[in-house]
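The sequence shown begins at 1 in full-length UniProt numbering and counts up one residue at a time.
Heads up: the structure comes next, in structure tokens.
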Amino acid sequence: MSEPGWFAQGSRVAVLTAEPIGRPLDYRAPEGGCREGAFVEVPLGPRKVLGVVWGPGEGGFDAAKLRSVSRVFDVAPMRGELREFLVRMGEYTMTPLPQVLRLATRAPGLGDPPGMRKIYRLGDQEPARMTDARARVLDVLQEHGGAGFHLGELAHLAGVTTQVVKGLVKTGALVEAEVPRDLPFPRLDPDLPGKELSEAQAAAAEALRAGCGGYSTTLLKGVTGSGKTEVYLEAVAECLRKGRQALVLLPEIALSSEFLSRVEARFGALPGEWHSGVTQSERRRLWKACGAGEVQLVVGARSALFLPFRDLGLIVVDEEHDSSYKQEEGVLYNARDMAVLRASGCSAQVVLASATPSLETWANAEGGKYKRLDLGARFGTAELPEMAAIDMRDEAIESAHWIGPTLVKEVVSRIALGQQAMLFLNRRGYAPVTICRACGHQIGCDHCDARMVEHRFLKRLVCHQCGETKPIPTKCPSCEVEGKLAPVGPGVERLAEEVAERFPDARVAVLSSDLFGSARALKEKIAEIAEGEADIIIGTQIVAKGHNFPRLTLVGVIDADLGLQGSDLRAAEKTFQLMRQVAGRAGRAEEKGVALLQTYQPEHPVIRAILGGDEEAFWAQEAAARQAQGVPPYGRMAGIILSGPDLQPLFEIGNHLARNDAALRRIGAQVFGPAPAPIARVRGRHRVRMLVKAEKGAPLQAALKGWLKGLKLPPNARLAVDIDPQSFL
Numbered sequence: 001m002s003e004p005g006w007f008a009q010g011s012r013v014a015v016l017t018a019e020p021i022g023r024p025l026d027y028r029a030p031e032g033g034c035r036e037g038a039f040v041e042v043p044l045g046p047r048k049v050l051g052v053v054w055g056p057g058e059g060g061f062d063a064a065k066l067r068s069v070s071r072v073f074d075v076a077p078m079r080g081e082l083r084e085f086l087v088r089m090g091e092y093t094m095t096p097l098p099q100v101l102r103l104a105t106r107a108p109g110l111g112d113p114p115g116m117r118k119i120y121r122l123g124d125q126e127p128a129r130m131t132d133a134r135a136r137v138l139d140v141l142q143e144h145g146g147a148g149f150h151l152g153e154l155a156h157l158a159g160v161t162t163q164v165v166k167g168l169v170k171t172g173a174l175v176e177a178e179v180p181r182d183l184p185f186p187r188l189d190p191d192l193p194g195k196e197l198s199e200a201q202a203a204a205a206e207a208l209r210a211g212c213g214g215y216s217t218t219l220l221k222g223v224t225g226s227g228k229t230e231v232y233l234e235a236v237a238e239c240l241r242k243g244r245q246a247l248v249l250l251p252e253i254a255l256s257s258e259f260l261s262r263v264e265a266r267f268g269a270l271p272g273e274w275h276s277g278v279t280q281s282e283r284r285r286l287w288k289a290c291g292a293g294e295v296q297l298v299v300g301a302r303s304a305l306f307l308p309f310r311d312l313g314l315i316v317v318d319e320e321h322d323s324s325y326k327q328e329e330g331v332l333y334n335a336r337d338m339a340v341l342r343a344s345g346c347s348a349q350v351v352l353a354s355a356t357p358s359l360e361t362w363a364n365a366e367g368g369k370y371k372r373l374d375l376g377a378r379f380g381t382a383e384l385p386e387m388a389a390i391d392m393r394d395e396a397i398e399s400a401h402w403i404g405p406t407l408v409k410e411v412v413s414r415i416a417l418g419q420q421a422m423l424f425l426n427r428r429g430y431a432p433v434t435i436c437r438a439c440g441h442q443i444g445c446d447h448c449d450a451r452m453v454e455h456r457f458l459k460r461l462v463c464h465q466c467g468e469t470k471p472i473p474t475k476c477p478s479c480e481v482e483g484k485l486a487p488v489g490p491g492v493e494r495l496a497e498e499v500a501e502r503f504p505d506a507r508v509a510v511l512s513s514d515l516f517g518s519a520r521a522l523k524e525k526i527a528e529i530a531e532g533e534a535d536i537i538i539g540t541q542i543v544a545k546g547h548n549f550p551r552l553t554l555v556g557v558i559d560a561d562l563g564l565q566g567s568d569l570r571a572a573e574k575t576f577q578l579m580r581q582v583a584g585r586a587g588r589a590e591e592k593g594v595a596l597l598q599t600y601q602p603e604h605p606v607i608r609a610i611l612g613g614d615e616e617a618f619w620a621q622e623a624a625a626r627q628a629q630g631v632p633p634y635g636r637m638a639g640i641i642l643s644g645p646d647l648q649p650l651f652e653i654g655n656h657l658a659r660n661d662a663a664l665r666r667i668g669a670q671v672f673g674p675a676p677a678p679i680a681r682v683r684g685r686h687r688v689r690m691l692v693k694a695e696k697g698a699p700l701q702a703a704l705k706g707w708l709k710g711l712k713l714p715p716n717a718r719l720a721v722d723i724d725p726q727s728f729l
């Protein structure tokens with residue numbers, strides 16, 4: 001009798017591929033058979049594609065016409081918990097299962113044989129002639145127990161040229177050998193001593209350790225600089241002691257460098273990394289090691305959630321409130337929520353860490369669905385920064401300048417003390433709008449209904465919707481008058497010009513994601529700033545995320561009102577989080593920090609809440625307002641995005657849906673729209689939005705499925721469903 005989950009040669013198996021077919025297809029099991037969850041290659045039409053054995057075949061198709069699985073890849077099969085997670089995620093986000101599977105099969109070259117590389121080891125001969133250089137090479141190898149090194153690494157460690165190493169091979173003192181390129185991941189030691197914890201940190205760490213071994217979700221809320229990382233690393237240690245794997249999600253690649261150093265200091269080795277800055281061969285190596293249980297800890301971006309862990313015991317979502325955890329293209333999902341879903345299926349613990357949690361997480365903790373741990377003070381001698389508003393209505397500020405006299409004076413005093421100042425403006429580029437002073441034309445993108453942003457460092461105009469760029473023109477594209485184009489409003493590049501003018505002797509660093517060609521370059525710049533190699537830091541929201549600049553004592557927010565504009569239901573929450581996070585960069589060492597917010601609305605409730613420091617009062621007030629409106633997290637929402645090359649058919653579809661909404665009315669849901677999206681055209685495609693609003697407990701997905709069933713879309717038109725939308729653009 002065959003074992004459960006094993007399919008003998010020739011038996012019927014269902015294989016799910018990432019191709020847009022919508023369901024698994026039946027194949028014959030290959031010679032030697034295959035296991036449920038196996039990664040396989042199957043013929044599909046004239047091509048061969050990657051798939052996963054999803055279970056026994058459904059039948060109903062002539063067995064004689066079934067094609068056979070071409071080959072089984074030599075990797076660990078996809079575990080049942082991951083397959084179940086993908087199914088549940090597809091149902092929740094209303095995404096076809098093949099599309100969800102694609103997220104879990106983004107490992108290049110799974111079928112490739114392991115690459116080989118040359119290494120150099122000790123041989124059994126003594127060189128006839130010994131030199132200092134040769135002796136240093138042999139000493140390095142003996143110190144490391146004869147372990148092999150690749151050519152450049154061995155030469156570097158010994159302080160010699162590569163020719164010295166190759167010369168030793170000719171004498172027989174060294175042996176050249178080929179080994180697999182995919183080296184094993186180093187073992188992390190959870191029993192190495194961690195940093196000394198404060199009483200509050202130790203209590204929180206003990207609570208997290210006690211939660212290891214089963215499913216739970218905990219909000220770890222602590223002011224910036226309170227040591228949340230050290231606390232959850234103790235949960236990682238406990239997870240590793242139990243022989244299980246851990247995953248830490250970070251919102252920005254730029255954060256990973258400092259974090260990896262902290263992991264290495266705590267556990268004696270580096271974890272696995274998974275993000276867009278990792279090479280393809282490293283991605284393949286990590287993917288395979290996850291499935292084999294050979295990597296204990298992975299640090300990565302949101303897509304790391306879909307790695308095939310053998311025994312996932314802990315997921316940490318750091319800066320859980322961050323909007324970058326929401327995937328806004330392709331499969332629309334929130335990695336924070338999907339982390340909770342995945343953990344519930346594999347008996348793992350989830351830690352949601354933030355100084356300013358999302359209202360969804362705060363409400364779940366208030367309602368008892370999540371546990372909550374608080375760290376109320378900064379670690380050691382560091383104190384929270386003082387916060388104050390600068391009323392810009394009272395500032396005598398020059399035209400085309402944005403740093404008021406009060407803030408200028410504060411920056412000067414910090415530089416004089418050898419400290420650092422940060423000027424924060426959440427707007428990339430040089431200027432958000434370029435206008436013609438002759439005819440009033442504003443230069444827009446040719447493919448989107450969006451203004452192009454001048455990036456003077458790049459000498460180009462850039463569309464922040466589709467990425468289209470064009471050279472900065474010398475004459476107006478509308479009236480063709482020369483020399484009348486002018487930038488309007490500030491971006492960080494224009495702010496940098498003003499800083500150079502006002503503080504000519506200061507060393508200035510500009511941190512904006514678009515100014516760095518690679519993640520490595522950005523990491524290096526952040527490390528330089530932390531070492532004190534800048535007096536003034538100018539940055540967008542990338543500077544608000546977890547960086548530790550010990551000499552930074554002043555944060556100046558250039559336009560604190562910027563996020564309060566528009567009708568986003570999360571505007572107050574996002575502004576509050578961003579201002580508190582960026583202010584938290586100041587005074588993280590011995591010197592006390594100050595955060596100054598330039599605002600034209602100091603009496604605005606959100607500005608008052610930011611300055612007042614009573615975060616719980618802010619969340620309670622925001623929660624009450626959302627509850628009264630019946631919107632998330634106290635109600636449910638789904639966005640419907642219709643897109644296509646022609647506008648009229650989209651409105652016709654939208655109006656048809658709005659008229660035939662019986663399936664939604666049955667659950668008490670309301671339909672709003674259709675209406676043009678705020679940015680109504682992106683990449684040449686028109687966009688029309690609808691919004692569905694329902695009560696908290698309503699079966700929204702089932703109703704939406706019934707509502708959209710049988711809908712016929714014209715050619716080139718697409719419909720996307722966004723459950724729990726974060727953005728309404």
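Glycine is no exception: its CB is placed at the ideal position from the N, C-alpha and C atoms.
Asked, Found
"Would you mind reading off the limits of the alpha helix (DSSP H) that contains C239?", "228 to 241"
"Is the Cβ-Cβ distance between M94 and Q701 less than 8 Å?", "yes"
"Using CA atoms only, rank isn't needed, just tell me which of G293, M338, T279, V165 is closest to L249.", "M338"
"Can you list the beta strand (DSSP E) stretches of 3 or more residues lying completely in the region 685 to 710, in chain order?", "685 to 695"
"Could you check how far apart the C-beta atoms of Y27 and V49 are, in whole angstroms? I think they sit under 8 Å.", "Their Cβ separation, rounded to whole angstroms, is 12 Å, which puts Y27 and V49 out of contact at 8 Å."
"Residues in the same chain with beta-carbon distance under 7 Å from V331, minus the five sequence neighbours each way, listed in chain order, please.", "T93, T95, Q99, V100, L103"
"By the DSSP assignment, the alpha helix (DSSP H) with E501 in it spans what residues?", "492 to 502"
"Taking three-plus beta-carbon pairs below 8 Å as touching, is the region 286 to 305 in contact with the region 205 to 224?", "no"
"Looking at C-alpha atoms only, which residue of V75, I443, G123, E19 is the closest neighbour of G109?", "V75"
"State whether the region 310 to 330 contacts the region 354 to 369, with contact taken as three or more CB pairs (one from each stretch) at a distance under 8 Å.", "yes"
"In terms of residues, what are the limits of the alpha helix (DSSP H) holding W287?", "280 to 292"
"What ranges does the beta strand (DSSP E) occupy inside the region 550 to 609, keeping only unbroken runs of at least 3 residues that lie completely in it?", "552 to 557, 594 to 599"
"With DSSP collapsed to three states, give me the class of I119.", "strand"
"Going by C-alpha to C-alpha distance, which of P24, Q419, G57 sits closest to S10?", "Ser is not the amino acid found at residue 10; the sequence shown has Gly there. Per the Cα distances, G57."
"Going by C-alpha distance, which of R437, V555, E615, F618 is nearest G593?", "V555"
"Taking only three categories from DSSP, how would you classify residue 730?", "Absent from the model: residue 730. The displayed extent of the chain is 1 to 729, so no value can be given."
"When the distance is taken between beta carbons, is V165 closer than 8 Å to L183?", "no"
"Give me the Cα-Cα distance between K525 and H547, rounded to the nearest whole angstrom.", "12 Å"
"Output the boundary residues of the alpha helix (DSSP H) element that contains H455.", "That residue, H455, is in no alpha helix (DSSP H); its beta strand (DSSP E) goes 453 to 455."
"Mind checking who F672 pairs with in its DSSP beta bridge?", "L691"
"For T17, report the span of its beta strand (DSSP E) as first-last.", "12 to 17"
"On the DSSP bridge assignment, give the partners of N334 in chain order.", "K326"
"Please go through the region 75 to 131 and give each complete beta strand (DSSP E) segment of 3 or more residues, from N-terminal end onward.", "116 to 122"
"For a test of the three-state rule: what should DSSP assign to D661, helix, strand or coil?", "coil"
"Between which residues of its own chain and P715 is the CB-CB distance below 6 Å, once the five residues before and five after are set aside?", "none"
"Taking contact to mean at least 3 C-beta pairs separated by less than 8 Å, is the region 341 to 355 in contact with the region 301 to 318?", "yes"
"Buried or exposed: D124, going by 16 or more other Cβ atoms within 10 Å of its Cβ?", "exposed"
"For G272, write down the residues that DSSP places opposite it in a beta bridge.", "V298"
"Looking only at its chain, what residues have a beta carbon closer than 6 Å to the beta carbon of M1, apart from the 5 residues adjacent to it on each side?", "Its pLDDT being 36, under 50, M1 is placed unreliably in this model, and the coordinates cannot settle the point."
"In whole angstroms, what separates the C-alpha of L713 from that of A438?", "44 Å"
"Based on DSSP bridge pairs, tell me the residues matched to I536.", "A421, V508"
"Looking at the structure shown, is Q629 part of a helix, part of a strand, or coil, going by DSSP?", "helix"
"Any idea which residues DSSP pairs P649 with across the strands?", "Paired residues: none, contrary to the question."
"For G213, which residues from the same chain have a beta carbon less than 7 Å from its beta carbon, with the 5 sequence-adjacent residues on both sides left out?", "K242"
"Taking only three categories from DSSP, how would you classify S256?", "helix"
"Using only alpha-carbon positions, find the residue among K705, I667, E91 that is nearest to K696.", "I667"
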